[in-house]
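Protein chains in written order, with our numbering: chain A, 12 to 378; chain B, 12 to 378; chain C, 12 to 378; chain D, 12 to 378.
Below is one structure, written out as structure tokens; comments come after it.
Protein chains: 4
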Amino acid sequence: MKNTFGSSVTVTIFGESHGDSIGAVIDGLAPGIKVDDQYIAHMLTLRRPAGKISTPRREQDNFRIISGVVNGLTTGTPITLIIPNENVKSGDYSQMKTVARPSHADYSANCKYHGFQDSRGGGHFSGRITAALVAAGAICKFALEQKGIFIGTHVKRCAGIADRDFGDLIQDITCLNEKPFAVLDDEAGLQMQEAILAAANQGDSVGGVLETAITGMPEGVGEPWFDTVESLLSHMMLSIPAVKGIEFGAGFDLADMRGSEANDPLRMEDGKVVATTNNNGGVNGGITNGMPIIFRTVVKPTPTIFKQQKTIDFSTMTDAVLDPKGRHDPAIVHRARIVQDAAAAIVLCDMLALRFGTDWLNSPERR
Amino acid sequence: MKNTFGSSVTVTIFGESHGDSIGAVIDGLAPGIKVDDQYIAHMLTLRRPAGKISTPRREQDNFRIISGVVNGLTTGTPITLIIPNENVKSGDYSQMKTVARPSHADYSANCKYHGFQDSRGGGHFSGRITAALVAAGAICKFALEQKGIFIGTHVKRCAGIADRDFGDLIQDITCLNEKPFAVLDDEAGLQMQEAILAAANQGDSVGGVLETAITGMPEGVGEPWFDTVESLLSHMMLSIPAVKGIEFGAGFDLADMRGSEANDPLRMEDGKVVATTNNNGGVNGGITNGMPIIFRTVVKPTPTIFKQQKTIDFSTMTDAVLDPKGRHDPAIVHRARIVQDAAAAIVLCDMLALRFGTDWLNSPERR
Amino acid sequence: MKNTFGSSVTVTIFGESHGDSIGAVIDGLAPGIKVDDQYIAHMLTLRRPAGKISTPRREQDNFRIISGVVNGLTTGTPITLIIPNENVKSGDYSQMKTVARPSHADYSANCKYHGFQDSRGGGHFSGRITAALVAAGAICKFALEQKGIFIGTHVKRCAGIADRDFGDLIQDITCLNEKPFAVLDDEAGLQMQEAILAAANQGDSVGGVLETAITGMPEGVGEPWFDTVESLLSHMMLSIPAVKGIEFGAGFDLADMRGSEANDPLRMEDGKVVATTNNNGGVNGGITNGMPIIFRTVVKPTPTIFKQQKTIDFSTMTDAVLDPKGRHDPAIVHRARIVQDAAAAIVLCDMLALRFGTDWLNSPERR
Amino acid sequence: MKNTFGSSVTVTIFGESHGDSIGAVIDGLAPGIKVDDQYIAHMLTLRRPAGKISTPRREQDNFRIISGVVNGLTTGTPITLIIPNENVKSGDYSQMKTVARPSHADYSANCKYHGFQDSRGGGHFSGRITAALVAAGAICKFALEQKGIFIGTHVKRCAGIADRDFGDLIQDITCLNEKPFAVLDDEAGLQMQEAILAAANQGDSVGGVLETAITGMPEGVGEPWFDTVESLLSHMMLSIPAVKGIEFGAGFDLADMRGSEANDPLRMEDGKVVATTNNNGGVNGGITNGMPIIFRTVVKPTPTIFKQQKTIDFSTMTDAVLDPKGRHDPAIVHRARIVQDAAAAIVLCDMLALRFGTDWLNSPERR
């Protein structure tokens, strides 16, 4: 399906960094869901570059909803939103860049698109496209909140500095969803930002780890094969630029644990089943068990750096040296976190609509 | 799509641990591909429990191909293979187990299937089902090898013991595909097996990390959104029971690297583009770059252990204690590795057929 | 998706006329649905050739359910049923038939499968495969009946003889579902059978029109684009061998009607909305309106006839003459009707599960 | 998938009659295909209402391509085009129309969308949306022509008047693609237009039959199950508003033919296989046989008429009478023909890309 994701609720994204507009079509959302422009704008603001640690490209992300919403409510038919690209220097149009930036998509895209790809500013591969995903996901995330399902992501690790672990999830999520730099420990956050600046000053970049928590998901959602909760979330997250790995619950730490440590004991609490630990991250056998869904992704360091790098020119198929000028993000992990929230929201809406029917997201019943 | 995976080449799996048969339908494979029964049997043997470190359930996995193959060649229409379940004690039929085994699918499955799930031996959630996936994947893996694409997986880590890193990939893959216990360093392998036995003797279990290498993939395969190579492989791998995470290339280590370390410089070698390092695991922007695809998954410790565990009874919704008897696998990571090979082969066949057309897998051209 | 149909409830079919077995996998059906072997057997009997007007190939269609059903109830995981091919002469194996039977798939299949297709008895293109579809659809049809949704098909026209129109739908459907030769007017049925025999005696074959009625479908099911009720039913029906057209409600007669005749006036009846006429066949804007769904398909005359026909040999690419011996069905329209019922049931189950959630088909609520 | 169609090449449509814009996203087209704005504009002109026989709503259909095309060539990533709605009276916004127009989607849509649907001008159900499909299909149709595949549709029948049959297909198609009122016999066309006007003058509307011919399709494309060529084309065509039936080749006339008449004899001609007749419409066993693909659809009379009609008010669930004022299309069959061309082009591009790979549509090779 390429640029479309989902079975019952689907999202299609489009656009290029220096094209006319980027955007998304969200189809299959229940009719009557409130679409809150402020909420969308807020999430776009959290994604937008800001301060010294981000690219100086600054756009207002003035999204426009051009279908599927009447009087602020979803109609049930496709919602299309577009975000015009501003701040684009059209002088770049003519020259096709053929010196591949290492660890960017330049070379692999050329293998696939044979030189016809839009190479201006990364084209369809640009992180810019994630703004469309954020806007689409914002609509989904808001809808989920009306059903008591909350999503929050923090920068768990950046440039070698760790944030504290999740504590009270509802409180932490609420707090994160307001923060421009999403950490639970602000002291750690300041250190991260200093480390990002330090790397930037050396023309370098840093990576990090994002951790997402989802509360309120009904149990019994997901499939044993192949559409496990982990599979669908991974499918989505691993398509976010720069994300190179994902782990659920205790994740890779499970490798060195014994079953007796790793297993999550169950017990009854207020008539509900709860797990004493959550090493499985809320999913057993691919299906939600009612515990919070917890996952972490790794975001690689921004490949654009300001150091000489060995590479090739794919027009001449010869060795080349790249010596980039200008200014880019020395880190994107702190911006990617809101992309991860939005992306997760899309996946959850799809799973829930498939499980409980297309009206469920706007039904009064809670889990 | 639930129990079906893929767009152009699809695999549907079915069956329960103690049902009549398990099996798979593979659709969309090019006509005229050789189906090598020995090759399939060999892969099933590598998956089968063996020795002291595995469950004593021993079955021959006498698969039967009941459609789609004539004279040992694919017809181009659906290939169905079934593996009858032998060694099944039918006395278990009557009692529905309602005491949830911690970190198994028992409770979450009950939330989804309302008590109608087949609970005998784990039912559709049993690792047994992976035999069908291995058989299906074996057909795909053999086909890929005719096109110069090779896949191999080793136990990178188990019970705290690490295998050596990949060296010469073709040589290592060839070697691994013959080994019952897939390590590159046999000494480490022996230590792992001892550690597994030690855990077993304490009624406990261990987990591990699997690392897969894929060589020979053409460049320019995969999509920028949402069907990146990483997304499709993750989707598949995270549906394998007990797999809780995946990482590509340098994976989570990228979090602490700087761009200048993480970026993979390119250079020309014999007229081809090669990367000096492979921190991106063969994929940029979701698209293959011609380098080997490298990924690792984490396999959690087998949840079945022989220790008392706190849990709940979901028929009565009360606290309960589980005190299991019998014998199960104290580790599955060494068996899961062939599942990972098979699963990867399915994903690659699908991506290649979508990219180059349905005949490509049986065309004479090499990349 | 090729041999798989559906989004939420999916059916995958496999097998060849002279292979080991044919069969189907049904995935996504709600757990706890009764699977009635007698009901399946009954539908298979109605499909099976019988009497002088059918091929003498007679098989018991001893289907076996090998997964997904425990104690006669669906588990919610994939249901696999296989029907072994009996009565197959294995002597045919060696020779590939390369003289194309006109209006069969021989030549087009060879273009697609390059000679690797199973050509014995039509292989995967044989009407035999429809037995698997009937068995799968029988499970769905039975489930729908528990929800008050009924499907029936009659031979509206055959060899120039017309059956009477539908009258009381529930009564007509009930009656048709028991009849070996499904007509509403038995006199017309006898004439049809005589006409079929007459054609057979001349080595020729006849076609016909099937009309299907569906009652009890909830309103508000289907999509405006592209998955309209008509689209999904057409997609399925036009994949049944020999079906070359479909029309809903007044169908092609609408071409010569004026809007004032064609429009279906609405009125209230017992608190429900009903249409005075049903020229739209129960669907407006792609969505059910609560009226019965009515559609007709055309079934072409069986292409196998016992007359000399001009054709080509695709191994030598030369002109050839086909002079077939043996005995085949001089008509299939009276057998195809149960295929149409089964196929419709699959489509409805999928649409309903997508609309109302995966549990709906086994929920106590009626529309 | 709802508002998205296709597997390898996909089209997503969106928009409402009186919303901001309508549009489409086309994904999966090969890179480097020329996008000819004149060609798109020409097809939009053919769809646009004109003369006395159409609605007076006249818009320029000033489409804008906002992604996926650079320098007039496809990039290979999603192409998004939007067509702003002009000529929209915003005064209509407030009142939700609850008196259902008979044979419109008003009532069924309300059942599905619970009153949240956009009811202004038919909303997402309006024929207006077909402009987006035409623009998307125009890109596909142009691409097919570069590969030697041509599509043309004529009004085979309208208001009881018949056009002549197809003769020389290439010549007829070329001619039709320029004609505002697409008939092969202009005399018949004049009579049709007079009959449409006559109906209009009586406040009534008429329907018709469209016949489409496709030449140049490679043989061996399509699937035996379920994605036959007929299935995919039917799926698409039956989602076009007002289309209620489809037939291939001799279609419903096959019902009264004998096999000896209906079978298409084959012969060699200039080294190629040709069929002497084409009763199967270019498809056998669901797969193209190299003959022209021929199909016909029935377009019901426009449901909007200017006569009193009995209906219901679904807000009060009471009987009501509709007495519409204003002016609408007394026929749409002559406009729908270009929609059918466009829709067919989308289906063919998808089938071809799936069969021969994603680059094929822009490869130099001809069939």
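Cβ coordinates follow ideal geometry from the N, Cα and C atoms, glycine included.
As the structure is a prediction and not an experimental result, all values here were calculated from the model.
Cβ of residue i less than 8 Å from any chain A Cβ?
i	result
C:G301	no
B:F115	Strictly speaking, residue 115 of chain B in this sequence is His, with Phe absent from that position. It does; some Cβ of chain A falls within 8 Å.
D:S32	yes
B:I316	yes
Listing by chain order, which chain A residues have their CB less than 7 Å from the CB of residue i?
i	result
B:V217	R269
B:K108	The contacting residues do not exist; B:K108 stays about 14 Å from chain A at best.
D:F25	V36, S78, G79, P89 and T91
Flag residue i as yes if its beta-carbon sits less than 8 Å from any beta-carbon of chain C, otherwise no.
i	result
A:S18	yes
D:S242	yes
Nearest-angstrom Cα distance between residue i and residue j?
i	j	result
D:T329	C:P42	39 Å
B:T185	A:G262	29 Å
B:A154	B:A61	27 Å
B:A142	D:I298	34 Å
D:I24	C:G231	21 Å
D:G30	A:I77	7 Å
C:A120	C:G138	15 Å
C:E280	C:N188	28 Å
Tell me, to the nearest whole angstrom, how far the beta carbon of residue i is from that of residue j; I am working on the premise that it is less than 8 Å.
i	j	result
D:F136	D:A111	No, D:F136 and D:A111 are not in contact; Cβ-Cβ is about 12 Å, not under 8 Å.
C:G368	A:F367	4 Å
A:I207	A:P341	5 Å
Please say whether residue j and residue i have beta carbons closer to each other than 8 Å?
i	j	result
D:I160	D:L359	yes
A:T164	A:E241	no
D:L57	D:T85	no
C:D361	C:S19	yes
B:N289	B:L265	no
A:A355	A:I44	no
A:A211	A:I343	no
B:F177	B:D183	yes
C:K167	C:R346	no
D:G256	C:E258	yes
D:L55	D:V145	yes
A:I251	A:M203	no
B:G132	B:S28	yes
Which residues in chain C sit within 9 Å of residue i, going by Cβ to Cβ distance?
i	result
A:L365	S18, S19, A364, L365, G368 and T369
B:P42	K123, Y124, H125, G126, F127 and Q128
Output, in chain order, the set of chain B residues within a Cβ distance shorter than 9 Å of residue i.
i	result
A:K63	Result: empty, since nearest Cβ-Cβ is about 17 Å, beyond 9 Å.
Flag residue i as yes if its beta-carbon sits less than 8 Å from any beta-carbon of chain D, otherwise no.
i	result
C:G148	no
C:I323	yes
A:K152	no
With 8 Å as the threshold, decide whether the Cβ of residue i is near any Cβ in chain B.
i	result
A:N373	no
A:T329	yes
So which residues on chain B does residue i lean against when the C-beta distance must stay under 8 Å?
i	result
D:P235	T88
Who are the neighbours of residue i on chain C, taking C-beta pairs under 7 Å?
i	result
D:A120	G296 and I298
B:T239	What B:T239 touches in chain C: nothing, since even the nearest Cβ is about 21 Å away.
Check the Cβ of residue i against every Cβ in chain B and list those closer than 7 Å, keeping chain order.
i	result
A:E230	S119 and C122
A:Q320	N274 and P276
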